[in-house]
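In the working numbering, the protein residues as written are 1494 to 1673.
Ideal placement from N, C-alpha and C gives every residue a C-beta, glycine not left out.
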């Protein structure tokens, strides 16, 4: 039987970890649990990841990098049509829905990885692009409802076709902005 490549093994470990973190929470999932799920020894996991936190970081860093690149690209491309910005935000959130669900369900993940401040910063960048730098209170509230509702739809609704969900969520988010 051929040996698996290191990248394949890392990906299998990451997938098993993500599933267990989602089922049990990060704090309640040990490397032993992950090894057992995969049918490997705990030292085999240490070959790929120094700790559970290292493993979690390997899952989260690509998402962080993509959100940061997305926010920077939106800022550089400004002005961006609101529907286009909302649609691309939906796409990024949907792509990383499993990790975002994990962070929502297990708030220790947000704290441990210092993600809360980053999410607030990303949302702030998007809000500024949508409503400018001196918005009224009403505009701020509408924008937060639009962005929060849009990401909630991308992350929490899983029984609808993605294209239909995206269209409905973007339209509702746009309507929340109160634009003609």
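Are residue i and residue j touching if we call contact CB-CB under 8 Å?
i, j, result
"residue 1528", "residue 1522", "no"
"residue 1548", "residue 1609", "no"
"residue 1659", "residue 1532", "no"
"residue 1662", "residue 1643", "yes"
"residue 1556", "residue 1589", "yes"
"residue 1552", "residue 1507", "yes"
For residue i, which residues from the same chain have a beta carbon less than 8 Å from its beta carbon, with the 5 sequence-adjacent residues on both sides left out?
i, result
"residue 1672", "1575"
"residue 1696", "Past the edges of the chain, shown from 1494 to 1673, lies residue 1696, and the structure says nothing about it."
Excluding the 5 residues preceding and the 5 following residue i in the sequence, name in chain order all residues of the same chain whose CB lies nearer than 6 Å to its CB.
i, result
"residue 1620", "1636"
"residue 1542", "1548"
Counting only the same chain and skipping the five closest in sequence on each side, list residues whose C-beta sits under 7 Å from that of residue i.
i, result
"residue 1560", "1585 and 1615"
"residue 1494", "The pLDDT assigned to residue 1494 is 44, lower than 50, so where the model puts this residue is not dependable; a value taken from the coordinates is nonetheless given after this. Excluding residues within five positions, none has a Cβ falling inside 7 Å."
"residue 1664", "none"
Among the options, whose alpha-carbon lies nearest the alpha-carbon of residue i?
i, options, result
"residue 1641", "1562, 1512, 1555 and 1612", "1612"
"residue 1638", "1501, 1668, 1563 and 1554", "1668"
"residue 1655", "1573, 1583 and 1512", "1583"
message = Quick check for students: name the residue ranges of the alpha helix (DSSP H) that lie wholly in the segment 1584 to 1622, counting only runs of 4 or more.
response = 1590 to 1598 and 1600 to 1605
task = Determine, using beta-carbon pairs with one atom in the segment 1565 to 1579 and one in the segment 1620 to 1633, whether at least three such pairs fall under 8 Å.
result = yes
message = For a minimum of 4 consecutive residues, which ranges assigned as the alpha helix (DSSP H) are wholly contained in the segment 1527 to 1563?
response = 1535 to 1541
query = Which full runs of the beta strand (DSSP E) of 3+ residues lie inside the segment 1630 to 1668, going along the chain?
reply = none
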